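Undergrad: Counting in the working numbering, the sequence shown runs from 28 upward without gaps.
We put the beta carbon where it would ideally sit given N, CA and C, even for glycine.
All of these numbers come straight from a predicted model, not from anything done at the bench.
Once you've had a glance at the structure underneath, I'll fire off some questions.
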Amino acid sequence: MAENRLRIHASSLYYFDTVRTAGSIREAARRLNIASSAVNRQILALEAQINAPLFVRLSSGLRLTPEGEILSQHVISVLRDSERVYAAFDALKGLHSGHVEVVTLEGICHHIVPASIVAMNKRFPRLTVGISISETENVPRAIINGDAHLGLAFEVPPTSRLKRLANVSFPLGGLVRPDSPMARKKSLSISDLRDVPLILPKRNFANRVQVRNLLYDASIADRGLVEAGSVELMKQLVIRGLGMAIMTRVGSEQDLSAGRLVHIPLFANRKPITSHLGLYAREDTALPLAAEALASNIIDLMKSVSTK
């Protein structure tokens with residue numbers, strides 16, 4: 028969460044949120060550049076107001092109590108809304124400044140995310156962006172906890188307090204070199220994978236379960252020649268002639284355009300197998316103007332890549 032320039036809400040809320048994210052009074056004080064005793068006084072004052080502890084003191088750090096969890100949801104909403112106020116003030120001044128935090132996957136950072144940031148920077152050069160790389164299962168938590176304004180990931184399950192801003196389907200398929208015999212095919216069936224050395228995604232990929240089920244149904248061993256947790260590694264192994272990678276085209280856009288790789292859609296029962304890429308935000312909190320601007324560019328890029 029970007030540092031706030033105005034204090035239109037009680038300082039204790041900022042201190043509480045910093046302690047929540049830092050995990051300790053000392054680390055929160057360091058981030059706030061104030062004495063630990065001052066932070067502790069603010070927390071004690073809040074606990075006195077609600078007549079309950081906000082944190083459990085553990086040897087490993089601080090953990091929110093049930094009362095702390097309730098307050099944290101309120102504070103996240105308040106601070107997010109304050110960002111919209113600052114952005115609105117800046118827009119009136121013609122500054123168009125602000126900050127956006129995004130949590131996403133490694134593969135999406137090869138084209139969609141950087142192209143979106145470049146497009147936004149051309150219109151709003153004062154806006155700043157923070158990008159965190161995580162796994163799909165961690166994306167909802169980062170948004171709900173207020174660590175990110177936007178989350179971009181494949182196959183995010185429906186989650187309370189999470190709002191889907193966009194959803195685009197991408198064909199799941201085989202990624203091969205252009206000199207591979209498979210490259211001449213317009214589509215692949217599951218049976219086509221039986222005698223091909225496969226490069227499969229590891230379990231940090233959201234569509235790993237999807238791939239596993241497809242192979243299981245076709246009585247193909249759910250174990251590739253290599254199992255990789257990185258889109259870049261999977262691509263490099265294909266380029267070096269090790270086999271076929273099972274993935275979407277996301278993350279391979281430049282290699283596909285340059286002709287270094289070929290992506291062949293995978294079909295089952297004459298229907299394409301797809302994976303869904305979604306853009307998400309917190310349900311109960313309005314996005315700051317800066318986040319809205321970046322979200323618009325991300326959605327445009329998602330749709331553009333899906334139609335190629």
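Measure how close the beta-carbons of Pro228 and Ala193 come, nearest whole angstrom, since I'm counting them as under 8 Å.
TA: Not really, about 23 Å apart at Cβ, beyond 8 Å.
Undergrad: Taking the alpha-carbon positions, what's the Leu225 to Val289 distance?
TA: Each residue's alpha carbon lies about 15 Å from the other.
Undergrad: Based on the DSSP secondary-structure assignment, which residues constitute the bridge partners of Leu225?
TA: Met271, per the DSSP bridge assignment.
Undergrad: Spatial neighbours of Asn31 within its chain, please: CB distance less than 6 Å, with the 5 preceding and 5 following residues excluded, ordered by chain position.
TA: Confidence is the limiting factor: at Asn31 the pLDDT is only 43, short of 50, which leaves the residue's position unreliable, though a coordinate-based value still follows. Same-chain partners within the cutoff: there are none.
Undergrad: Taking only the alpha-carbon atoms, compute the straight-line gap between His126 and Ala146 and give it to the nearest angstrom.
TA: Their backbone Cα atoms lie some 15 Å apart in a straight line.
Undergrad: Of all the beta strand (DSSP E) runs that stay within the bounds of the region 32-85, which reach a length of 3 or more residues?
TA: The qualifying runs are 82-85.
Undergrad: Would you decide whether Pro315 is buried or exposed? Buried here means 16 or more other CB atoms lie within 10 Å of its CB.
TA: Label assigned to Pro315: buried.
Undergrad: For the beta strand (DSSP E) holding Ser143, just list the boundary residues, first then last.
TA: First-last for Ser143: 139-150, but that is the alpha helix (DSSP H), not the beta strand (DSSP E).
Undergrad: Quick check on the DSSP output: the alpha helix (DSSP H) that includes Ser284 runs from which residue to which?
TA: 280-284 is the span of the alpha helix (DSSP H), which, as asked, contains Ser284.
Undergrad: How is Pro198 classed by DSSP in three states: helix, strand or coil?
TA: Pro198: strand per DSSP, three-state reduction.
Undergrad: Please classify Arg34: is it buried, with 16 or more other beta-carbons within 10 angstroms of its beta-carbon, or exposed?
TA: Residue confidence for Arg34 is low, a pLDDT of 47 falling below 50, so the modelled location carries little weight; the figure read from the coordinates is stated next. Burial call: exposed.
Undergrad: Around the Cβ of Asn240, are there at least 16 other Cβ atoms within 10 angstroms (buried) or fewer (exposed)?
TA: That one is exposed.
Undergrad: Looking only at its chain, what residues have a beta carbon closer than 7 Å to the beta carbon of Ser39, apart from the 5 residues adjacent to it on each side?
TA: Once the five neighbours on either side are set aside, the close Cβ partners of Ser39 are Gln69, Ala72, Leu73.
Undergrad: Taking the beta carbon of Ala285 as the centre, do at least 16 other beta carbons fall within 10 Å, making it buried, or is it exposed?
TA: Label assigned to Ala285: exposed.
Undergrad: Given this structure, state the Cα-to-Cα distance separating Met329 from Val195, to the nearest angstrom.
TA: If I take the Cα positions, the gap works out to 7 Å.
Undergrad: Determine the direct distance from the alpha carbon of Ala272 to that of Asp249, and round the result to whole angstroms.
TA: Straight-line Cα distance between these residues: approximately 14 Å.
Undergrad: Rounded to whole angstroms, what's the CA-CA distance from Ala29 to Glu280? Just pull it up for me.
TA: For Ala29, the pLDDT reaches just 42, beneath the cut-off of 50, and the residue's location in the model is therefore unreliable, although a value from the coordinates is still provided. Between Ala29 and Glu280, the C-alpha separation is close to 32 Å.
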